[in-house]
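Here the structure is laid out as structure tokens; the discussion comes afterwards.
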Amino acid sequence: MTIANKMTSYGERVEQVTVVEKVLRSMPARFNYVVCSIEESNDVTALTIDELQSSLIVHEQRMK
């Protein structure tokens, strides 16, 4: 998120869908099932960064 915020502050237009897709792609392999679950249960093109963060937090809490 920090990089996306800096890019925006320098005038670069960064779509939320781009950030969401990059976050999902950058997840470590051990989280593949989480990424698949999020992609299957949500329309990734309409998913906000806040919704993605909430989903990841829920999955993290369930792993504990």
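Residue numbers (this note's numbering): 1050 to 1113.
Virtual Cβ for every residue (Gly too), placed ideally from N, Cα, C.
Spanning the alpha carbons of Val-1066 and Arg-1111 requires a straight line of approximately 25 Å.
Scanning Leu-1101, Arg-1079, Pro-1077 for the CA closest to the CA of Glu-1088 turns up Leu-1101. Just so you know, the alpha carbons of Thr-1057 and Val-1063 end up roughly 7 Å apart. In this structure, Val-1093 and Glu-1070 form a Cβ contact; the two beta carbons are roughly 7 Å apart against a cut-off of 8 Å.
Taking the C-beta atoms as reference points, Val-1068 is found nearer than 8 Å to Ala-1053.
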